[in-house]
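A short write-up of the structure that comes next.
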Amino acid sequence: MSASELIISGLSATVAGNPILNGVDLTIRSGEVHAVMGPNGAGKSTLSHVLMGKPGYEVTGGSVTLDGADLLAMPVWDRAAAGLFLAMQYPTEVPGVQLRDVLNASIVTDGVDPADLDARLLAEADRIGFDHAFLDRPMNVDLSGGEKKRNETVQLSILAPKIAILDEIDSGLDVDALRDVSRRVEAATEESALGVLVITHYNKLLDELRPDHVHVLAGGRIAASGGPELAEELERDGYAAYTGASARPAADVDPDWDPFGDATFADRSL
Ligand code: ADP
Ligand code: MG
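Those letters in the sequence shown? Residues 81 to 350, per our numbering, in order.
Put into structure tokens, the structure is as follows:
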């Protein structure tokens with residue numbers, strides 16, 4: 081298996097005319113796990129959408145290549161065929177379309193015999209404790225948040241991309257599912273040398289899916305990079321050091337104030 085490389089260079093993008101990304105530089109190679117963290121609204125999902133080619137974003141500068149091929153020039157399906165996978169923060173519901181039909185079409189397009197797809201689907205579902213009944217549901221329809229994330233993980237496992245972007249794949253997962261999903265992705269980094277860009281707010285995911293590099297996305301660019309210790313620092317201290325804001329909201333309300341207690345406003349020195 082040849083090594084792959086996703087190179088993001090000086091990537092800038094606007095959404096509805098607002099600049100969100102202002103020169104993102106990031107390189108992800110086969111087998112590596114890169115965690116991207118950052119405050120709400122920093123542009124983490126925007127980055128994932130721009131990489132995959134979701135409509136509505138205008139790239140205003142920079143380049144993205146996967147093994148030398150210009151991803152930004154390709155429609156979404158060619159990016160997927162080239163080996164890029166995105167697990168969306170909010171997976172889309174697709175009524176009337178079953179997971180196995182989507183995967184069957186993808187596999188056939190890839191020139192792979194789909195004969196053992198059902199067996200592989202069942203095995204992958206078991207591996208992350210995903211109820212077989214959900215495999216027959218229309219894509220993501222009436223699935224809970226956590227079930228959608230496991231559905232995405234099953235797709236990732238079957239499609240075996242070169243590089244996967246996981247946008248808050250941990251949101252909505254209970255502790256058992258979180259462990260199973262992160263272990264499954266970590267295994268893919270070893271079994272098929274998957275390169276991973278994982279967007280998360282929590283170290284819990286990174287306990288099993290161990291990052292080689294941790295980055296802070298703030299101000300539209302990678303504001304800092306480090307090892308796993310950076311994720312611990314961020315969980316503890318927040319992003320204030322990278323945004324210029326104070327670490328916690330200003331304490332304008334006394335946390336001990338009981339509005340139903342005896343105290344009146346006159347008693348309080350607010
Ligand atoms: P994150 O994932 O880091 O929380 P997002 O990438 O989702 O942040 O959003 C970055 C900024 O872009 C936010 O201020 C958000 O409101 C804005 N944004 C995202 N999508 C749109 C859109 N379709 N139209 C207008 N603004 C958008
Ligand atoms: Mg997001």
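Virtual Cβ for every residue (Gly too), placed ideally from N, Cα, C.
The C-alpha of residue 267 lies about 21 Å from the C-alpha of residue 162. Boundaries for residue 151: no alpha helix (DSSP H) harbours it, and the DSSP string shows neither H nor E there. Of all alpha-carbon atoms in 281, 115, 210, the one lying nearest the alpha-carbon of residue 302 is that of 115.
Residue pairing by DSSP puts residue 305 in a beta bridge opposite 295.
A direct Cα-Cα distance of roughly 27 Å separates residue 153 from residue 173. Neighbourhood of ligand 2, defined by CB distance below 7 Å to any of its heavy atoms: 124, 125, 169, 247, 248, 279, in chain order. Per DSSP, residue 235 is not a residue of any beta strand (DSSP E); the alpha helix (DSSP H) it occupies stretches across 225 to 239. Within the chosen limit of 6 Å, ligand 1 reaches the beta carbon of residue 121 through at least one heavy atom. Distance from the CA of residue 219 to the CA of residue 270, rounded to the nearest whole angstrom, comes to 28 Å. Residue pairing for residue 88: DSSP places it in a beta bridge opposite 106, 144. Approximately 6 Å separates the beta-carbon atoms of residue 200 and residue 238; this is inside 8 Å, confirming the contact. Between the segment 177 to 185 and the segment 252 to 260, the count of Cβ pairs shorter than 8 Å is below three; the stretches do not touch. Only buried fits residue 295, as 16 or more other CB atoms lie within 10 angstroms of its CB. Burial is judged here by how many other beta carbons sit within 10 angstroms of a residue's own beta carbon; residue 231 has at least 16 and is buried.
The C-alpha of residue 118 is placed about 21 Å away from the C-alpha of residue 96.
Taking 7 Å as the cut-off, the beta carbon of residue 279 is found no closer than this to the beta carbon of residue 167.
Between residue 100 and the set 300, 243, 212, the nearest pair of CA atoms involves 300. Per DSSP, reduced to three states, the secondary structure at residue 94 is strand.
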